[in-house]
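Following: one structure in C-alpha cells, then a few remarks.
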Amino acid sequence: MMGKLTDAAVRNAKPGRLQDGEGLSLLVKPNGSKFWAVRVMKDGKRVAMGLGGYPKVTLAKAREDAA
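For what it's worth, the numbering used here labels the leading residue of the sequence shown as 178, then goes sequentially.
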C-alpha cells in the first residue's frame, strides 16, 4: 500500500509492510505485532530507524517523529 495511511488501515493491517510516504512505514509481523520505522540517510546509506510499536506509538506520533 502506498500513500497516506489511515488509523483504520493501521488497526486492521495484515502482515507485511505498509508505506505512509516520506520514508515512514508500518511493519506488521505474522503474529500481529506492529512496529513503525522510518528510512533515513546515514553516512551516505539508507537505513531503517525504529520509532516504536503500535498502538503505543500512534500514526500521528509516528508521522511527527519521522518528520
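Ideal Cβ positions, reconstructed from N, Cα and C, are used throughout, including at glycine. Owing to the predicted nature of the structure, the values given are computational and were not obtained by experimental measurement.
DSSP three-state call for residue i: helix, strand or coil?
| i | result |
| --- | --- |
| Lys238 | helix |
| Ala243 | helix |
| Lys191 | coil |
| Asp197 | strand |
Would you call residue i buried or exposed, if buried means 16 or more other Cβ atoms sit within 10 Å of its Cβ?
| i | result |
| --- | --- |
| Lys211 | buried |
| Val187 | buried |
| Met178 | Because the pLDDT of Met178 is 44, which lies under 50, any placement of that residue in the model is unreliable, and the number read from its coordinates should be weighed accordingly. Exposed. |
Identify the continuous beta strand (DSSP E) that holds residue i and give its terminal residues.
| i | result |
| --- | --- |
| Gly209 | Gly209 -> no beta strand (DSSP E), and no H or E assigned at all. |
| Gly229 | 222-231 |
Can you tell me which of the options puts its alpha carbon nearest to the alpha carbon of residue i?
| i | options | result |
| --- | --- | --- |
| Arg240 | Leu201, Pro232, Ala186, Asn208 | Leu201 |
| Arg223 | Val215, Gly229, Lys181 | Val215 |
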